[in-house]
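Here is the structure we will look at, set down as structure tokens.
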Amino acid sequence: MRAKYGETPNQARNMLFIRSLLFKICLVLVTIIEMALFTPFYFFLPHKAAWIVPRSWARSLFWLQKYLVGLNYRVEGSENLPQGPYIVAAKHQSTWETLVLPLYIPDPSFILKRELLWIPFLGWFLAKMGMVPINRGAPLQALKILIAKGKEKAAQNRQIIIFPEGTRKEPGAAPAYKPGLFPIYAELGLPVVPVALNSGLYWPKKRFCLYPGTIKCRILPPIPPGLPRRDFMQKLEAVIENNCDILLAEAAAAPRPPYLPPVAAARLRAIEALRAPE
């Protein structure tokens, strides 16, 4: 992080830590307050109406994020979202995208690890919204459940959100797309909407501080159903990774760029070398 005019680098780091600490304290307080206020009626609402609760909570966190940390966001391409059921295949770098995607997708169902449903209160809220828990330790069984539950959600006119790499990845890290997405795509016969982002630069995994700036999320044109395995997987990875590279370069070129972890800095150098004239 670059220091503001008149600040030393140490002062800038201290202020960043304080602002991030305030945000995380307020995050916990807002979560407790909203759970106390909404829990009495949340579980009695139909699940579509109940979306008002997590969406209100997410908007509260984004307000805190903006005014305590100086971290804003921009989502591009929402016009690319089809009507009816579809699959969203999103890059996963941070907690942030799990909060923002339900603001743009009408009735999403996340594919998530089953352990999240074991957390008191949080697990109950997730279960109410009809999320799909899977056991990562039993991949074949998980795939069967995903296909069966995916068909069920599609019949309910819902959208399925899946992170095709299975877990959060550092910005710039080598992609590792799981082959299990293709059977879901093939069996459900739904379009897949790729989503690229650079959230891990600003709300990074395994780092305490959040960084000021603007997170960018790009919703890309859907991939139609019916493609062969190789064509589908190559197209999905190429379109997401190319757009993530663009968003990484844009963040690095901002007037106050975020901290770039070594993997992201190395990827940026590789991007710049490819673009450099011979």
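Adding 1261 to a residue's 1-based position in the sequence shown gives its number in our numbering.
The beta-carbon is built from N, C-alpha and C at its ideal position, and this holds for glycine as well.
It should be emphasised that the depicted structure is a prediction, and the values quoted were computed from it without experimental measurement.
- Here the stretch 1512-1521 makes no contact with the stretch 1484-1503; the two share fewer than three CB pairs at distances below 8 Å.
- Taking the Cα positions, glutamate 1376 is about 24 Å away from phenylalanine 1443.
- For phenylalanine 1443, no beta strand (DSSP E) encloses it; the enclosing alpha helix (DSSP H) starts and ends at 1442-1449.
- Residue pairing for leucine 1332: DSSP places it in a beta bridge opposite Gly1474.
- Following the DSSP letters along the chain, one finds lysine 1496 inside the alpha helix (DSSP H) bounded by residues 1490-1513.
- The continuous alpha helix (DSSP H) containing serine 1317 extends over residues 1313-1325.
- Three or more pairs of CB atoms, one per stretch, sit closer than 8 Å, so the stretch 1331-1345 contacts the stretch 1469-1488.
- In this structure, Met1296 is the residue among Gly1427, Arg1479, Met1296, Ile1423 with its C-alpha nearest to the C-alpha of serine 1321.
- If you ignore the 5 residues before and after phenylalanine 1304, its C-beta comes within less than 7 Å of the C-beta of Lys1389, all in its own chain and listed in chain order.
- The beta carbons of histidine 1353 and threonine 1300 sit no closer together than 8 Å.
- When the alpha-carbon of proline 1482 is set against those of Asn1503, Ser1339, Leu1306, Cys1287, the nearest one is in Ser1339.
- Each residue's CA atom was taken as its position, placing glycine 1433 and glutamate 1502 some 9 Å apart.
- Ranking Leu1508, Pro1519, Tyr1520 by CA distance to the CA of isoleucine 1532 puts Leu1508 first.
- Within the same chain, Cβ atoms closer than 7 Å to the Cβ of phenylalanine 1424 are found at Ala1351, His1353, the five residues on either side in sequence being excluded.
- If you draw a straight line from the Cα of glutamate 1511 to the Cα of phenylalanine 1284, it is about 25 Å long.
- Per the coordinates, the alpha-carbon of aspartate 1506 lies some 21 Å from the alpha-carbon of lysine 1467.
- The Cβ atoms of valine 1349 and valine 1456 lie closer than 8 Å to each other.
- Proline 1367 and arginine 1419 have their C-alpha atoms spaced approximately 8 Å apart.
- Closest in C-alpha terms to tryptophan 1464, from the list Ile1372, Ala1319, Tyr1328, Ser1355, comes Ser1355.
- Taken atom to atom, the span from the alpha-carbon of valine 1393 to that of isoleucine 1372 is near 5 Å.
- A check of alpha carbon separations from isoleucine 1408 across Trp1379, Gly1450, Lys1439 identifies Gly1450 as the nearest.
- Taking C-beta atoms as the reference points, glutamate 1337 and lysine 1496 fail to come closer than 8 Å.
- Residue pairing from DSSP places valine 1453 in a beta bridge opposite Ile1348, Ile1484.
- By the neighbour-count criterion, in which a residue is buried when 16 or more other Cβ atoms sit within 10 angstroms of its Cβ, glycine 1461 is buried.
- In the same chain as valine 1291, and ignoring 5 residues on each side of it, the C-beta atoms closer than 8 Å to its own belong to Trp1318, Ser1321, Leu1322, Leu1325, in chain order.
- Rounded to whole angstroms, the gap between the alpha carbons of isoleucine 1422 and serine 1370 is 6 Å.
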